[in-house]
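Written out below as structure tokens is the structure these notes cover.
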Amino acid sequence: MLKLYIVLLRLIRENILILYQMQLNSTDRTADTRMSWRGELFGCTGQLVIKRTLIRPKKIAKTLDDAREISWDNKSEAVKIILAVLTKDTAYQNKSRNFCKAILECSDCKTKDGLVFIQKWGSLRHASNVAFACLFAQHSSIPGVKTWTLAKSQIDYILGSNSKEFSYLIGYGTSYPRQPHHASSSCPRYGTCNWDNFNSNKPNPQ
106 MLKLYIVLLR LIRENILILY QMQLNSTDRT ADTRMSWRGE LFGCTGQLVI KRTLIRPKKI
166 AKTLDDAREI SWDNKSEAVK IILAVLTKDT AYQNKSRNFC KAILECSDCK TKDGLVFIQK
226 WGSLRHASNV AFACLFAQHS SIPGVKTWTL AKSQIDYILG SNSKEFSYLI GYGTSYPRQP
286 HHASSSCPRY GTCNWDNFNS NKPNPQ
């Protein structure tokens, strides 16, 4: 299990950086998410280096809306965490800390088994996005972010630490989804595939 978390932590940095670049390159920027600065990311001797022109960091931080999720159409909180790590500015650090605390420490925002519930569409995706981002924030030593146990609990839930002892990661553990809502996995590895395969009550062959 420890090795799995180490791998996840390594992936966090890569995925959050992708979110960051998407925010910079987005062609659909609203007034709230537009950023008044230029950034260029590049690798150097294995280290991430940023060349930047920052204009009033605290003012810029206010232009990013305070969201309660990290998703494909709202990456503001992920961007704030990246900026907190790269600039060490307290404005971003405070925003990042407040986000992690507000979501992961909210007892009224969780199911009876402790899953952070943000919305029904992709509930595990939302919970794991927050967990990954906040694990990254603590791993990167953002002051005041101490959410390791709470963030880890979200991953544990997904992998089977819930009242049903059910893993939502296909192939992990002994009890996991056998008929995921994924059309191509209903098809046999070889041969034809039709609606009979899709509507079958048998476990998906792939």
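The sequence shown runs contiguously to residue 311 in the working numbering.
For glycine and all other residues, C-beta sits at the position ideal for the given N, C-alpha and C.
- Checking the DSSP bridge columns, you'll see Val221 partnered with Lys215.
- Ser201 sits in a helix when the DSSP states are folded into three classes.
- Contact between the stretch 250 to 267 and the stretch 222 to 233 is established, with three or more Cβ pairs separated by less than 8 angstroms.
- Here the alpha carbon of Lys217 sits roughly 38 angstroms from the alpha carbon of Pro293.
- Spanning the alpha carbons of Lys215 and Val221 requires a straight line of approximately 4 angstroms.
- Gln284 counts as exposed, since fewer than 16 other beta carbons sit within 10 angstroms of its beta carbon.
- Per the DSSP secondary-structure output, Ser176 pairs in a beta bridge with Asn179.
- If you draw a 10 Å sphere on the C-beta of Tyr277, you find fewer than 16 other C-beta atoms in it, and that means exposed.
- Between the C-alpha atoms of Trp226 and Ser176 there is a straight-line separation of about 11 angstroms.
- 9 angstroms or more divides the Cβ of Ala207 from the Cβ of Phe237.
- In the three-state DSSP reduction, Ser228 falls in the helix class (H, G or I).
- Rounded to the nearest angstrom, the gap between the Cα atoms of Leu274 and Ala288 is 17 angstroms.
- Pairing Ser212 with Leu240, the inter-Cα distance amounts to about 19 angstroms.
- In the assembly as shown, Gln198 is a buried residue. Its beta-carbon has 16 or more other beta-carbons within 10 Å.
- For Asn302, the uninterrupted alpha helix (DSSP H) segment begins and ends at 300 to 303.
- Non-local C-beta neighbours of Ser181 in its own chain, meaning closer than 7 angstroms and more than five positions away in sequence, comprise Thr138, Leu169, Asp170, Ala172, ordered along the chain.
- Per DSSP, the unbroken alpha helix (DSSP H) holding Ile263 starts and ends at 253 to 263.
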